[in-house]
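Chains as they are written, first to last, in the numbering used here: chain A, 1 to 350; chain B, 1001 to 1350. So the structure is just underneath, and the comments pick up after that.
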DNA sequence: TTGTATGCGTTATCAT
DNA sequence: ATGATAACGCATACAA
């Protein structure tokens, strides 16, 4: 490994000068700068991150703690975080798939001194204890954990989104609206369920316990959810799933049972993953800009790291909006005429 | 931040002893060990990673370089890498969403001295130049880049998978089999296309240029691909898409055109993402264990880091297998009777 | 404008 | 079994 001393010797200057060149200090003569830069390039020098961190107290690294997350959500939130961090010269130390407090704890501990701040997503609250042990001055942004105690936090407008989707179903004439909720003790899940219940109340529909079942946010549980719903004495005319994966599982189950969506049963999901519009029938959903969630969280964290003057904890909620397609029976357009059928970024297609 | 000196002072020992306790050296008395451990716990001490790295030359961190990757693939490969790394006490420094050489280069440079080894996924070869500049002794594992020059590499059995799927379609009687390929200059895409062409040759079907179109691995491009295919003079009776997302887009387009899958046109994909079995009709696909790809890559890398005796570069190929569902017209079972309908891990469902 | 000296927190070497 | 000390590579206060 080529160090700062190697460059210094080769360029005939002191290590301090090389350091100055590298850090764009203006306390260095133009032709010295050029010579040093040339030598550094020739030798393929780049500074040792550990030494730099030790000296400057900064790591230019953001820690990201994620729960056991599958699919689209994970990749999109990471994309948002990564792009924002990189744009501002920060690295990402990622730790995902934490199934319990123990693991979250260990992960947090081992990140000490390796990151300047943390983005923590822990919808089931497993990381709460570990977070509490962190110094209050250490920058942390909470994702989808509800309003954190004394910490910056970001959430999706779960309640509003669920409430307006269920309201929409009710306005279409549905009264027996079922919900396939997410896991218990999950913040997103709880809020979406609350939105569902309140929406029913607002239109004067008595909530029926048999019309509320729980899944785990994955396709299979949506599939099974339908069996349990149809086994009950009241048959739903509409099903609202707490996310798109479960909604897709539900549609699959309905299809296998010979029921037509939306004629026999209307279906709606949450998240609006890219696949939603390509289902048949296309899936109505509550649109969430997931990458933006990661982006905003990172911006807030990096600002906190830069300012270091601890301001009051801020809570931000990301707005959602309904995307009505065929599965809920409200609109008759297929994917071809979906106004949102736009590539999200430049593709590689000819 | 509490340092090793704080603990030493508080416990009435030298810093060296604290270090020994922390690193499980047996050169320390039992009651000293206990006392130091207690103080460390009380003070909430954990060693500064930067200082440790500087001294030991090791970072216990693996760098992960990923291209601009969407959806299931990204999250699964990361999961595999993360779990394996964590089990062996390693962190993950992730840099994703690189769209060109420039960015990949910058990311690689900035990881210098911060990681002990690298897992690089660069199916379009954008990172090749940067990799070549790395010291030959620096541990690197290539993912889906083909057989790397002088580097360990892992790939999916793209060619075999595509070939056997197309062979299967031919055995079902199809002759006009179209392909919606992936982007050009992408290793996975190239190999899957090659498998398609060879399979056709083997059954004595002359390849028709009009039956080969390109997409970008996303749903929208599969949708558009169908328009272009059906605009040609030869109408395909089967469509093989280079991945499931494009296959789903294709099915959506066929549905919008009033064509039935599989009666009018058979469809098959690649990857077998969890959603595939919940499509209607359920999607036939080439199954790939993506998480395992990440897992194997990490094992190989960590072994290389541990051994440090550079052995010959190894190339490993991950087997695939066909999962035949309804979309290709071979089997008549819905998702309910799909033998593979098993939860991939414990869910949170009641 | 440049060089010298010091210390960041830790571990390894040597001494005791 | 434990302590003192040096060194890892870099950035900075201070000297020149």
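We put the CB at the ideal spot given by N, CA and C, even for glycine.
I think residue i touches residue j, with their Cβ atoms under 8 Å apart; what is that distance to the nearest whole Å?
i, j, result
"residue 1121 of chain B", "residue 1286 of chain B", "Wrong, their Cβ atoms sit about 19 Å apart, outside the cutoff."
"residue 13 of chain A", "residue 37 of chain A", "About 12 Å; that fails the 8 Å criterion."
"residue 284 of chain A", "residue 327 of chain A", "5 Å"
"residue 279 of chain A", "residue 239 of chain A", "Going by Cβ atoms, the distance from residue 279 of chain A to residue 239 of chain A rounds to 14 Å, so no, they are not a contact pair."
"residue 60 of chain A", "residue 116 of chain A", "7 Å"
"residue 954 of chain B", "residue 1007 of chain B", "In the structure as shown, chain B begins at 1001 and stops at 1350. Residue 954 of chain B is therefore absent and cannot be evaluated."
"residue 1188 of chain B", "residue 1123 of chain B", "5 Å"
"residue 1181 of chain B", "residue 1197 of chain B", "Going by Cβ atoms, the distance from residue 1181 of chain B to residue 1197 of chain B rounds to 10 Å, so no, they are not a contact pair."
"residue 1177 of chain B", "residue 1169 of chain B", "5 Å"
"residue 1257 of chain B", "residue 1229 of chain B", "The pair is not a contact, with the Cβ atoms about 11 Å apart (cut-off 8 Å)."
"residue 243 of chain A", "residue 269 of chain A", "6 Å"
"residue 1140 of chain B", "residue 1131 of chain B", "6 Å"
"residue 92 of chain A", "residue 114 of chain A", "Actually they do not touch by this definition, with Cβ atoms about 12 Å apart."
"residue 225 of chain A", "residue 246 of chain A", "7 Å"
Residue i: buried (16+ other C-beta within 10 angstroms of its C-beta) or exposed?
i, result
"residue 1222 of chain B", "buried"
"residue 1065 of chain B", "buried"
"residue 1034 of chain B", "exposed"
"residue 147 of chain A", "exposed"
"residue 1004 of chain B", "buried"
"residue 136 of chain A", "exposed"
"residue 216 of chain A", "buried"
"residue 17 of chain A", "buried"
"residue 1339 of chain B", "With a pLDDT of 43 at residue 1339 of chain B, under the threshold of 50, the modelled position of that residue is not reliable, and no figure is offered here."
"residue 144 of chain A", "buried"
"residue 298 of chain A", "buried"
"residue 321 of chain A", "exposed"
"residue 209 of chain A", "exposed"
"residue 1011 of chain B", "buried"
"residue 1029 of chain B", "exposed"
"residue 1276 of chain B", "buried"
"residue 1149 of chain B", "exposed"
"residue 1183 of chain B", "buried"
"residue 1329 of chain B", "buried"
"residue 1399 of chain B", "A question about residue 1399 of chain B goes unanswered here, because the residues of chain B that appear run from 1001 up to 1350."
"residue 24 of chain A", "exposed"
"residue 1 of chain A", "exposed"
"residue 314 of chain A", "exposed"
"residue 271 of chain A", "buried"
"residue 253 of chain A", "buried"
"residue 41 of chain A", "exposed"
With residue i as the anchor, note down where its alpha helix (DSSP H) starts and where it stops.
i, result
"residue 1251 of chain B", "1244-1256"
"residue 1133 of chain B", "1128-1133"
"residue 7 of chain A", "4-11"
"residue 1259 of chain B", "Unbroken run through residue 1259 of chain B: none, as it is neither H nor E."
"residue 1296 of chain B", "1290-1307"
At which residues does the beta strand (DSSP E) containing residue i begin and terminate?
i, result
"residue 1273 of chain B", "It is not in any beta strand (DSSP E) - residue 1273 of chain B carries neither H nor E in the DSSP assignment."
"residue 142 of chain A", "140-143"
"residue 154 of chain A", "152-156"
"residue 1322 of chain B", "1321-1323"
"residue 147 of chain A", "Residue 147 of chain A -> no beta strand (DSSP E), and no H or E assigned at all."
"residue 1241 of chain B", "1238-1241"
"residue 1318 of chain B", "1315-1318"
"residue 1014 of chain B", "Here residue 1014 of chain B belongs to no beta strand (DSSP E), and DSSP marks it neither H nor E."
"residue 286 of chain A", "284-287"
> Along the chain, which unbroken stretches of the beta strand (DSSP E) at least 3 residues long are found entirely within the segment 1164-1190 of chain B?
Replying inline: 1177-1181
>> At 3 residues or longer, what runs of the beta strand (DSSP E) sit wholly inside the segment 54-85 of chain A?
In response: 61-67
> Between the segment 1122-1148 of chain B and chain A, which residues of the former have a C-beta closer than 9 Å to a C-beta of the latter?
Replying inline: 1124, 1133 and 1135
> Listed in chain order, which residues of the segment 1226-1253 of chain B have Cβ atoms closer than 8 Å to some Cβ of chain A?
Replying inline: 1245, 1248, 1249, 1251, 1252 and 1253
> What alpha helix (DSSP H) runs, 4 residues minimum, are completely inside the segment 16-56 of chain A?
Replying inline: 30-43 and 49-56
> What residue ranges within the segment 1190-1224 of chain B form continuous alpha helix (DSSP H) runs of no fewer than 4 residues, ordered along the chain?
Replying inline: none
> Which full runs of the beta strand (DSSP E) of 3+ residues lie inside the segment 82-126 of chain A, going along the chain?
Replying inline: 91-98 and 117-121
>> Can you pull out the residues from the segment 21-51 of chain A whose beta carbon lies closer than 8 Å to at least one beta carbon of chain B?
In response: 44, 46, 47, 48, 49, 50 and 51
> When Cβ atoms are compared, which residues of the segment 89-101 of chain A fall closer than 9 Å to chain B?
Replying inline: 89, 91, 92, 93, 94, 95, 96, 97 and 99
> Between the segment 1278-1290 of chain B and chain A, which residues of the former have CB atoms less than 7 Å from a CB of the latter, in chain order?
Replying inline: 1278 and 1280
>> At a CB distance below 7 Å, what residues from the segment 261-279 of chain A approach chain B? Give them in sequence order.
In response: 274, 275 and 278
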